[in-house]
Structure formats: structure tokens, C-alpha cells
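Undergrad: Got a structure for you, questions after.
Number of protein chains: 2
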Amino acid sequence: MASGRTVFFVSDGTGITAETLGKGLLSQFEGMNFHQVRFPFLDNPKKAKECLLRIRKAREQDGIRPLVIMTMMNSEISAMLRQEDALFLDLFEVFIAPLEKELGVRSAHTVGRSHGGTGSEYTNRIAAMSFAIAHDDGVSDADLKNADVILIGVSRCGKTPTSLYLSMQFGLKAANYPLIPEDIQRDRLPDTLLPFRDKLFGLTIAPEQLHLIRQERRPDSNYAALDTCWKEVAAAERLMKREGIEWFDMTSRSIEEIAVQIIQAINKR
Amino acid sequence: MASGRTVFFVSDGTGITAETLGKGLLSQFEGMNFHQVRFPFLDNPKKAKECLLRIRKAREQDGIRPLVIMTMMNSEISAMLRQEDALFLDLFEVFIAPLEKELGVRSAHTVGRSHGGTGSEYTNRIAAMSFAIAHDDGVSDADLKNADVILIGVSRCGKTPTSLYLSMQFGLKAANYPLIPEDIQRDRLPDTLLPFRDKLFGLTIAPEQLHLIRQERRPDSNYAALDTCWKEVAAAERLMKREGIEWFDMTSRSIEEIAVQIIQAINKR
Numbered sequence: 005m006a007s008g009r010t011v012f013f014v015s016d017g018t019g020i021t022a023e024t025l026g027k028g029l030l031s032q033f034e035g036m037n038f039h040q041v042r043f044p045f046l047d048n049p050k051k052a053k054e055c056l057l058r059i060r061k062a063r064e065q066d067g068i069r070p071l072v073i074m075t076m077m078n079s080e081i082s083a084m085l086r087q088e089d090a091l092f093l094d095l096f097e098v099f100i101a102p103l104e105k106e107l108g109v110r111s112a113h114t115v116g117r118s119h120g121g122t123g124s125e126y127t128n129r130i131a132a133m134s135f136a137i138a139h140d141d142g143v144s145d146a147d148l149k150n151a152d153v154i155l156i157g158v159s160r161c162g163k164t165p166t167s168l169y170l171s172m173q174f175g176l177k178a179a180n181y182p183l184i185p186e187d188i189q190r191d192r193l194p195d196t197l198l199p200f201r202d203k204l205f206g207l208t209i210a211p212e213q214l215h216l217i218r219q220e221r222r223p224d225s226n227y228a229a230l231d232t233c234w235k236e237v238a239a240a241e242r243l244m245k246r247e248g249i250e251w252f253d254m255t256s257r258s259i260e261e262i263a264v265q266i267i268q269a270i271n272k273r
Numbered sequence: 005m006a007s008g009r010t011v012f013f014v015s016d017g018t019g020i021t022a023e024t025l026g027k028g029l030l031s032q033f034e035g036m037n038f039h040q041v042r043f044p045f046l047d048n049p050k051k052a053k054e055c056l057l058r059i060r061k062a063r064e065q066d067g068i069r070p071l072v073i074m075t076m077m078n079s080e081i082s083a084m085l086r087q088e089d090a091l092f093l094d095l096f097e098v099f100i101a102p103l104e105k106e107l108g109v110r111s112a113h114t115v116g117r118s119h120g121g122t123g124s125e126y127t128n129r130i131a132a133m134s135f136a137i138a139h140d141d142g143v144s145d146a147d148l149k150n151a152d153v154i155l156i157g158v159s160r161c162g163k164t165p166t167s168l169y170l171s172m173q174f175g176l177k178a179a180n181y182p183l184i185p186e187d188i189q190r191d192r193l194p195d196t197l198l199p200f201r202d203k204l205f206g207l208t209i210a211p212e213q214l215h216l217i218r219q220e221r222r223p224d225s226n227y228a229a230l231d232t233c234w235k236e237v238a239a240a241e242r243l244m245k246r247e248g249i250e251w252f253d254m255t256s257r258s259i260e261e262i263a264v265q266i267i268q269a270i271n272k273r
């Protein structure tokens with residue numbers, strides 16, 4: 005068992021759902037060594053055979069049977085795979101049957117419906133992503149007006165990835181506005197932001213972590229100095245507190261967590 | 005049943021996994037009307053009670069029992085919810101038990117491990133997202149050198165959202181390079197791209213769809229004219245074919261699907 009155990013993420017669609025849930029499940033088993041293999045678009049017997057051989061080979065090499073985490077609509081192909089000796093966890097199989105019973109209808113059993121390239125939700129997401137990119141780091145008044153949410157905070161505190169995630173996952177038009185030392189010195193919100201108070205959220209981060217992030221970008225600069233980071237973060241937090249801006253601390257939180265907290269805060273407003 | 009049925013996405017973490025899988029499941033039941041409610045960070049009895057009341061109210065208003073799709077680590081809170089009359093589908097419950105048995109260890113039963121803010125995979129993703137944003141739409145030689153993948157194609161064919169998705173989901177440094185009419189007229193790859201052939205992938209799209217997308221950006225311009233779109237797309241495809249660039253058609257494909265196909269193509273190289 006030296007090399008650990010192989011986990012296959014298998015799907016007749018993109019396999020993204022299988023991989024997302026699968027990683028969530030595996031993360032519950034700390035210290036175990038998993039080797040991950042993706043098998044998306046497994047939509048014909050030929051590909052299934054290939055996958056089958058890979059599963060077998062992994063079992064032989066690892067000396068232990070693999071895990072196969074799948075979302076398979078095509079039950080014939082699913083049955084083919086199950087000839088192998090592995091632990092199969094099929095997300096759709098387990099949930100589609102109780103849903104069909106509850107809803108009193110048969111499911112479509114078709115692949116890839118969850119992210120088709122046509123629906124209005126999808127178009128919204130694309131538009132929101134374009135918006136987030138175009139309005140990264142300092143934007144005009146007109147742009148702020150069109151934003152659903154505006155993130156403020158010191159440089160490199162996590163505004164950009166959070167905006168992007170909000171746009172991609174939730175279809176929100178997210179702009180972000182950096183608090184530069186001049187803003188912080190004036191100790192009040194930049195005038196540009198005043199009309200948009202109701203869309204503002206702040207982000208902050210521990211100065212030590214900010215220092216490390218800025219060091220990578222501009223090593224040994226004044227910008228990256230720990231002292232600068234301390235001062236900027238303290239002043240930005242003071243400013244946000246005084247102005248009554250709701251803010252979130254990125255320090256040991258992931259972007260996903262912060263994004264969901266922002267969504268919740270928006271819903272409450 | 006006029007108002008449809010309410011679906012709750014409930015989690016003691018972000019709930020993103022529950023929502024992603026849940027939407028995939030619901031998309032299999034076409035034409036049914038689902039009203040979606042998120043309940044993330046449900047990590048104490050007080051919040052559970054709130055959620056419980058919402059579930060009850062939804063059942064009374066809809067005249068039919070709600071669906072509750074969950075990822076709950078905390079089994080006490082999970083048990084509290086289950087007092088209500090609803091269909092509960094708990095992703096972790098169904099899969100954690102067989103995994104524990106197979107792996108011969110107990111799971112950590114802790115929340116939010118799948119996207120913690122510290123691991124190297126996470127840091128990679130953040131770096132890749134910054135890269136994708138900084139190198140959107142035309143980049144320098146030095147930047148192309150650092151890219152894991154470079155997407156080429158005519159303006160508005162989908163390069164930007166695809167780069168972003170590749171960076172966010174797979175941690176790839178994705179740059180993109182627009183094929184402008186001048187490149188296409190010369191009918192050969194721009195010199196800048198020549199050293200990076202092995203990282204190039206093309207994107208294309210049906211001219212009619214491109215026309216609609218460009219119309220929104222610059223209505224009734226020459227840039228958006230159907231005739232322009234036809235010519236650009238035809239010439240870009242001819243160029244990519246002649247240069248032996250592998251390319252993908254965004255026309256009725258989602259960004260997720262194209263991104264996974266690119267990942268597969270990279271793995272094959």
C-alpha cells in the first residue's frame with residue numbers, strides 16, 4: 005500500500021460534480037494518500053473499456069481496490085464498469101431514484117443539463133464574469149453603478165479572486181475598489197464610493213499574511229514591508245468600522261466561504 | 005401546487021457542493037418548477053431551528069413537502085432538521101459510511117475541509133486566477149512563457165471565461181491571445197505565438213452566435229456585422245487547421261465542458 009489508493013472521478017458529463025463532491029468526501033480522511041484520476045465524457049462502450057482497464061491496473065499496482073466516484077446517466081455503461089472490483093459510489097444512482105419517487109415523474113437521464121450553454125442563468129454568469137474582469141482594481145462611476153456588489157480593501161487582500169468567484173458561481177456583477185494609502189490617510193471613504201454604500205463590502209486580512217503575499221509580488225519593497233502591511237490593514241479596518249461597512253476577514257477563510265457569507269449578507273439587506 | 009416545490013440546499017459548510025450536485029439532479033426533472041433556498045453555515049441549534057421553520061412554512065405554502073439536499077457533518081443538527089416532513093438527501097451521510105468501511109478508518113466529520121484557505125492546491129488556484137486576469141486579451145512574450153496554456157480565437161468567442169474557469173477550477177495559468185483581423189489576413193500565426201505551439205489551443209464559435217454576442221457589445225458596428233463574423237470565423241478556422249492547432253467549438257457547449265476537454269487534451273500531450 006506504499007503508493008496509496010487510486011480514486012477515479014468518472015462521468016458521462018464533465019465529471020466536475022463527481023470531482024467536487026469526491027474531493028469533499030476524501031478531505032474527511034486525513035493523512036491518507038489518494039492518487040486521483042479523471043475520466044470525463046465516458047459516453048460509449050469503447051471508452052468504458054479503457055476506463056475499466058485503468059481501474060484494474062490501479063488495483064494491481066496499488067495492491068488495494070480503487071474508489072470510483074461517479075455521476076453516470078447511462079446505466080449500461082455504468083453496469084459495464086461495475087464488473088471491476090472497486091468501490092463504486094454513484095451520486096446520481098443514489099439520489100435519482102428517491103427523487104423520481106418523490107416527484108412522481110421519471111428523470112430525463114440525460115447528460116450535462118446542469119451547465120448547458122444556452123439558458124439565461126448561464127448567459128448571466130458569462131456577463132458577470134466579463135464584468136468582474138473588466139472592473140477589476142479601480143473602476144469608473146458608471147461601472148460602479150452597474151455593479152451588484154463592490155468589494156473594498158487594501159491591495160492584495162483577496163478582492164480580485166473573491167469578485168471572480170462571486171461572478172462565476174453566483175452570477176453577480178462584482179466590482180472591486182482598492183483602498184490605496186491616500187484613501188486611508190484621508191480616513192474617509194473615497195467620494196466615488198459614497199453613492200454606493202449599500203453595495204459595499206470590505207475585505208481584510210492579517211498583516212503577516214498580506215506581507216507574505218506582497219513579498220511574492222514585489223520582494224523587499226516598501227509596499228511589501230511588514231510594517232507597511234500593519235499600518236495599512238489597521239487603518240483600513242478603522243475606516244471600515246467608522247463608516248459602518250460590513251467586512252470579512254480572509255485570513256483563514258477560503259474564497260468560497262467568504263463569497264457565500266457575502267451572498268448571505270446581501271440577502272439580508 | 006401552483007407555486008412549485010421548494011428545494012433547500014443546506015450545509016454546515018458553504019453549501020456549494022450541495023448546491024452544485026443538487027442543481028445537477030434537479031436539471032434531470034424538466035418542466036418542474038423549483039424554488040431554491042440556500043442555508044449555508046448551519047452550525048448551531050439556533051440556526052437549525054430557523055431552517056426548520058422555513059422548511060415547515062415552505063411545505064404549508066407549496067402544499068407539498070420540500071426537498072432538502074444537504075452536506076451535514078454535524079449529525080445532531082442533521083437529526084434536528086429531520087423532524088420536519090420533507091425529503092432529505094444527505095450527500096455525506098450516504099457516502100461517508102461506505103467510505104469509512106472501505107478505508108477502515110473513521111472520517112474527521114469536520115466541516116469545510118474541501119476548500120481550506122491554506123493548502124498548496126489552494127494557493128496555486130489563487131495564483132492561477134491572478135495570472136488569468138492579468139493576462140487576459142493580449143500579453144507579452146514573458147507572460148506567454150509562464151502560461152500553462154494559451155487560448156487563441158477571434159474576439160468574443162469565449163476565451164476569457166474559459167481561461168478563468170481553467171484557472172479557478174483546475175489551477176492552470178491560462179493566458180489568451182485574440183486573433184485580430186490583421187493576424188487572420190496574414191493567414192499565419194502571429195510571431196509572438198510561434199515559440200509556444202505546444203501550449204496553444206483554439207476556440208471557435210458559430211458566426212451567428214458571435215454576431216449576437218458582439219451586437220450586445222457594439223450594436224450595429226462593422227465589428228458585430230454578421231458578414232464580419234462569418235469572414236473572421238472562417239479565416240480563423242482555416243488558419244488553425246493549417247497550423248495544426250487543436251481547437252474546440254463553443255457553439256453549444258458550456259465553458260465547463262470545453263475546459264474539461266482542454267484538460268484532457270493537455271494530459272494527452
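In order, the protein sequence lines correspond to chains C and Y.
Take 5 as the starting number for the first sequence in my numbering and just add one per residue.
Take 5 as the starting number for the second sequence in my numbering and just add one per residue.
Ideal Cβ placement from N, Cα and C applies to all residues, glycine included.
Please compile the residues from chain Y whose C-beta is within a distance smaller than 7 Å of the C-beta of C/F99.
TA: Ordered by position in chain Y, the residues that pass the 7 Å Cβ test against C/F99 are L29 and L93.
Undergrad: Which residues mark the beginning and the end of the alpha helix (DSSP H) in which Y/M84 is found?
TA: Here the alpha helix (DSSP H) through Y/M84 covers S79 to L85.
Undergrad: Say whether the region 247-261 of chain Y touches the region 226-238 of chain Y, bearing in mind that this needs 3 or more beta-carbon pairs closer than 8 Å, one atom from each stretch.
TA: These segments do not touch.
Undergrad: C/G8 CB to nearest chain Y CB: under 8 Å?
TA: With 8 Å as the cut-off, C/G8 does not count as an interface residue toward chain Y.
Undergrad: Return the residue from the list C/Q173, C/S167, C/G175 and C/M172 that minimises the CA-CA distance to C/P182.
TA: When only C-alpha atoms are compared, the closest one is C/S167.
Undergrad: Along chain Y, which residues have their Cβ under 7 Å away from the Cβ of C/I130?
TA: Under the 7 Å cutoff, chain Y gives P165.
Undergrad: Scan the region 43-65 of chain C for residues whose Cβ lies nearer than 8 Å to a Cβ of chain Y and list them as they occur along the chain.
TA: Listed in sequence order: P44 and F45.
Undergrad: Whose C-alpha, out of C/K27, C/S134, C/T208 and C/I130, is nearest the C-alpha of C/L93?
TA: The option with the nearest alpha carbon to C/L93 is C/K27.
Undergrad: Looking at C-alpha atoms only, which residue of Y/P165, Y/I217, Y/K177 and Y/N180 is the closest neighbour of C/Q173?
TA: Selected option, being the one with the closest Cα: Y/P165.
Undergrad: Ordered along the chain, which non-local residues of its own chain (more than five positions away) have a Cβ less than 6 Å from that of Y/W251?
TA: Answer for Y/W251: G206, T208 and M244, listed in chain order.
Undergrad: When the cut-off is 8 Å and only beta carbons count, does C/H119 lie next to chain Y?
TA: For C/H119, the predicted structure reports a pLDDT of 49, less than 50, and the residue's modelled location is therefore unreliable. The matter cannot be settled from this model.
Undergrad: Going straight from the alpha carbon of C/R4 to that of Y/A136, what length do you get?
TA: In the structure as shown, chain C begins at 5 and stops at 273. Residue 4 of chain C is therefore absent and cannot be evaluated.
Undergrad: Can you pull out the residues from the region 11-27 of chain C whose beta carbon lies closer than 7 Å to at least one beta carbon of chain Y?
TA: Under the 7 Å Cβ criterion, the region 11-27 of chain C contributes T18, G19, I20, T21, T24, L25 and K27.
Undergrad: Helix, strand or coil for C/T255 per DSSP?
TA: Three-state result, C/T255: coil.
Undergrad: When DSSP labels each residue in this structure, what does C/S15 get in the three-state scheme?
TA: Strand, per DSSP.
Undergrad: Of all the options C/R60, C/T24 and C/L46, which has the alpha carbon lying nearest to the alpha carbon of C/R9?
TA: It is C/R60 whose Cα lies nearest to the Cα of C/R9.
Undergrad: Checking 8 Å against the spacing of the C-beta atoms, do Y/L30 and Y/V11 come in under that value?
TA: Taking 8 Å as the Cβ cut-off, Y/L30 and Y/V11 qualify as a contacting pair.
Undergrad: Please confirm if the region 147-159 of chain C is in contact with the region 104-114 of chain C, defined as three or more CB-CB distances below 8 Å between the two stretches.
TA: Not touching, per the Cβ criterion.
Undergrad: If I follow the unbroken alpha helix (DSSP H) through C/M133, where does it start and stop?
TA: Counting along the chain, the alpha helix (DSSP H) containing C/M133 begins and ends at S124 to A138.
Undergrad: Identify the continuous alpha helix (DSSP H) that holds C/Y169 and give its terminal residues.
TA: Start and end: K163 to F174.
Undergrad: Helix, strand or coil: which one does DSSP assign to Y/R222?
TA: Three-state result, Y/R222: coil.
Undergrad: With burial defined as no fewer than 16 other Cβ atoms inside 10 Å of the residue's Cβ, what is the status of Y/R129: buried or exposed?
TA: Label assigned to Y/R129: buried.
Undergrad: What are the residues that DSSP puts in a beta bridge with Y/L91?
TA: In the DSSP output, where bridge partners are listed per residue, Y/L91 has Y/L71.
Undergrad: In this structure, how does DSSP classify C/F205 when only helix, strand and coil are distinguished?
TA: Note: C/F205 maps to strand in three-state DSSP.
Undergrad: Closer than 8 Å, CB to CB, is C/E261 near chain Y or not?
TA: Output row for C/E261: interface = yes.
Undergrad: Nearest chain Y C-beta to C/P102 closer than 8 Å, yes or no?
TA: Answer yes: the Cβ-Cβ gap between C/P102 and chain Y drops below 8 Å somewhere.
Undergrad: Closer than 8 Å by beta-carbon distance: list the chain C residues that pair up with Y/D140, in chain order.
TA: In chain order: I137.
Undergrad: Note down, in chain order, each residue of its chain lying with its Cβ closer than 8 Å to the Cβ of Y/I262, except the 5 sequence neighbours on either side.
TA: The residues are G162, T166, L207, F252 and M254.
Undergrad: For Y/K155, report the span of its beta strand (DSSP E) as first-last.
TA: In the sequence as presented, Lys is not what sits at residue 155 of chain Y; that position holds Leu. Taken as a continuous stretch (DSSP letters only), the beta strand (DSSP E) holding Y/L155 covers V153 to G157.
Undergrad: Interface residues of chain C around Y/S79 at Cβ under 9 Å?
TA: Near Y/S79 there are no residues of chain C at all, since even the closest Cβ is about 13 Å away, more than 9 Å.
Undergrad: Kindly indicate the opening and closing residues of the beta strand (DSSP E) around Y/A179.
TA: Unbroken beta strand (DSSP E) run through Y/A179: A178 to P182.
Undergrad: Report the three-state DSSP secondary structure of C/V41 (helix, strand or coil).
TA: Correct three-state label for C/V41: strand.
Undergrad: Helix, strand or coil for C/R273? Go by DSSP, reduced to three states.
TA: C/R273: coil per DSSP, three-state reduction.
Undergrad: Is it right to say C/N271 is buried, meaning 16 or more other beta carbons lie within 10 angstroms of its own, or is it exposed?
TA: The residue is exposed, with fewer than 16 neighbouring Cβ atoms inside 10 Å.
Undergrad: Could you check where the alpha helix (DSSP H) with C/A112 kicks off and where it finishes?
TA: Taken as a continuous stretch (DSSP letters only), C/A112 belongs to no alpha helix (DSSP H), as it is neither H nor E.
Undergrad: Which residues does DSSP list as the beta-bridge partners of Y/R9?
TA: Beta-bridge pairing links Y/R9 to Y/F38.
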